[in-house]
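Engineer:
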Amino acid sequence: MIEELSEIPVTLGILIITLLLIQATWMFYDASKRGEPKWIWGFFGMINVPSSLIIYLVTTRVIMKKQTCPHCEKYIEMKSTFCSQCGSKINEKN
Amino acid sequence: MNPQCKTYQSQLIDILYDESELTASIQEHLDHCPECDLYWSKLIDTKKQLDQPPLDVEIAYSKIRQATAQGEAIINKRKNRKELGLFVAIAISIFAFIGWLFTQGYQKEIILFQLTSTFVLPIIVPFIAKHRYQKGCDLND
Numbered sequence: 353m354i355e356e357l358s359e360i361p362v363t364l365g366i367l368i369i370t371l372l373l374i375q376a377t378w379m380f381y382d383a384s385k386r387g388e389p390k391w392i393w394g395f396f397g398m399i400n401v402p403s404s405l406i407i408y409l410v411t412t413r414v415i416m417k418k419q420t421c422p423h424c425e426k427y428i429e430m431k432s433t434f435c436s437q438c439g440s441k442i443n444e445k446n
Numbered sequence: 071m072n073p074q075c076k077t078y079q080s081q082l083i084d085i086l087y088d089e090s091e092l093t094a095s096i097q098e099h100l101d102h103c104p105e106c107d108l109y110w111s112k113l114i115d116t117k118k119q120l121d122q123p124p125l126d127v128e129i130a131y132s133k134i135r136q137a138t139a140q141g142e143a144i145i146n147k148r149k150n151r152k153e154l155g156l157f158v159a160i161a162i163s164i165f166a167f168i169g170w171l172f173t174q175g176y177q178k179e180i181i182l183f184q185l186t187s188t189f190v191l192p193i194i195v196p197f198i199a200k201h202r203y204q205k206g207c208d209l210n211d
């Protein structure tokens, strides 16, 4: 099987590289929007497709889920009483 | 304005703040110089306005904070756009190099790396979770 890998067409390589570039760019953009360490996630997104993306989504959406402040619309930690960005009080409903 | 008026006007500011006295010579100059007299009147009016008690207006600090936060958000958005452009440029450079390696006969290594990392990367998830919990979730930059 390893020998067969040497005969992989260039088009497949271009496809993988294109997917990695799109994935890394999206992860960088999304991480910056959510107040995550964007450079780390961006470069992480360049390693593998789709594992990097799955790990990113699991980490940011499940493990450390965040909510948006109703006043300044920045991402803040769940169960926050006050916004760490603008200082507004957060209702429990939000 | 002649130099004498300039001297008198600088003295008038001191007089206004009780740092010197209104002497007879200055009073006489004011009586005869309409320009300095007008200047003196304006100074007195300004001081009266400044001495008035502050208006009884409640300052909405939360609104000020929100406005500041919104301003910062706009600045951050612009900064993020620039950094996104920089990141894309860096990523294209790296992938161009990898693409070049691909054409130079390193297809096998690149694909093997992709296949290996597919199974190895998920192992780091528990470590990321542990690190983030320990850090107190404060990963905002």
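Order-wise, the sequence lines are chains A and B.
In my numbering, each residue's number is its place in the first sequence (first place is 1) plus 352.
In my numbering, each residue's number is its place in the second sequence (first place is 1) plus 70.
C-beta: ideal position from N, C-alpha, C; glycine also.
Keeping to the same chain, check which residues put their C-beta closer than 6 Å to that of Ala161 of chain B; ignore five residues upstream and five downstream.
Structural biologist: No residues qualify anywhere along the chain.
Engineer: Work out the CA separation of Phe165 of chain B and Glu179 of chain B for me, nearest whole Å.
Structural biologist: The straight-line gap from Cα to Cα measures roughly 15 Å.
Engineer: Work out the CA separation of Thr370 of chain A and Lys147 of chain B for me, nearest whole Å.
Structural biologist: When rounded, the distance between both Cα atoms is 26 Å.
Engineer: With a threshold of 9 Å between beta carbons, is Ala94 of chain B in contact with chain A?
Structural biologist: No, Ala94 of chain B lies away from the interface with chain A (no Cβ there is under 9 Å from its Cβ).
Engineer: Should Ile114 of chain B go down as buried or exposed, given a rule of 16 or more other Cβ atoms within 10 Å for buried?
Structural biologist: It is exposed - the Cβ of Ile114 of chain B has fewer than 16 other Cβ atoms within 10 Å.
Engineer: Helix, strand or coil for Thr420 of chain A? Go by DSSP, reduced to three states.
Structural biologist: Three-state DSSP puts Thr420 of chain A in a strand.
Engineer: State the CB to CB distance for the pair His102 of chain B and Tyr78 of chain B, rounded to an integer number of angstroms; the pair is presumed to be in contact (CB under 8 Å).
Structural biologist: In fact, because the Cβ distance is near 11 Å, the residues do not count as touching under 8 Å.
Engineer: Determine the direct distance from the alpha carbon of Ala159 of chain B to that of Lys152 of chain B, and round the result to whole angstroms.
Structural biologist: Those two C-alpha atoms are separated by around 11 Å.
Engineer: Take every Cβ of the region 411 to 425 of chain A, pair it with every Cβ of the region 115 to 131 of chain B, and state whether three or more of those distances are shorter than 8 Å.
Structural biologist: Touching, no, given that fewer than three Cβ pairs across the two stretches are closer than 8 Å.
Engineer: Please report the Cβ distance between Ile407 of chain A and Pro192 of chain B, rounded to the nearest whole angstrom; I am assuming they are in contact, meaning their Cβ atoms lie under 8 Å.
Structural biologist: At roughly 6 Å, the Cβ-Cβ gap stays under 8 Å, so Ile407 of chain A and Pro192 of chain B are in contact.
Engineer: Confirm the yes/no value for this check: CB of Leu371 of chain A, any heavy atom of the ligand MG, distance under 8 Å.
Structural biologist: Of the ligands one can find in the structure shown there are none, so the ligand MG has no counterpart to examine.
Engineer: What residues in its chain sit with their C-beta under 6 Å from that of Gly397 of chain A, if we drop five residues either side in the sequence?
Structural biologist: Once the five neighbours on either side are set aside, the close Cβ partners of Gly397 of chain A are Gln375, Ala376, Met379 and Ser404.
Engineer: Gly169 of chain B and Gly365 of chain A - do their beta-carbons sit closer together than 9 Å?
Structural biologist: Yes, the pair counts as a contact, with Cβ atoms nearer than the cut-off.
Engineer: Just by C-beta distance, which residues in the region 399 to 415 of chain A are closer than 9 Å to chain B?
Structural biologist: Within the region 399 to 415 of chain A, the qualifying residues are Ile399, Asn400, Val401, Pro402, Ser403, Ser404, Ile406, Ile407, Val410, Thr411 and Ile415.
Engineer: In three-state terms, what does DSSP make of Tyr427 of chain A?
Structural biologist: Three-state result, Tyr427 of chain A: strand.
Engineer: Is the CB of Leu367 of chain A under 9 Å away from at least one CB in chain B?
Structural biologist: It does not; no Cβ of chain B falls within 9 Å.
Engineer: Under a three-way DSSP split, which group does Asn210 of chain B fall into?
Structural biologist: Annotation note: pLDDT 44 at Asn210 of chain B (below 50); position unreliable, coordinate value reported separately. Asn210 of chain B falls in the coil class under three-state DSSP.
Engineer: Comparing alpha-carbon positions, which option in A:Asn400, A:Ile360, A:Ser440 and A:Ala383 lies nearest Thr186 of chain B?
Structural biologist: Comparing Cα-Cα distances from Thr186 of chain B to each of A:Asn400, A:Ile360, A:Ser440 and A:Ala383, the minimum goes to A:Asn400.
Engineer: Taking Cβ-Cβ distances shorter than 8 Å, what residues in chain A pair up with Arg135 of chain B?
Structural biologist: Going along chain A in sequence order, the residues near Arg135 of chain B (Cβ under 8 Å) are Cys438, Gly439 and Ser440.
Engineer: What's the call for Lys426 of chain A, buried or exposed, on a 16-neighbour Cβ count within 10 Å?
Structural biologist: By the 10 Å Cβ count, Lys426 of chain A comes out buried.
Engineer: Using the C-alpha atoms, what's the distance from Pro196 of chain B back to Gln177 of chain B?
Structural biologist: Going from the Cα of Gln177 of chain B to the Cα of Pro196 of chain B covers about 31 Å.
Engineer: Can you tell me the Cβ-Cβ gap for Ser384 of chain A and Leu154 of chain B, rounded? I've got them flagged as a contact below 8 Å.
Structural biologist: About 7 Å; that satisfies the 8 Å criterion.
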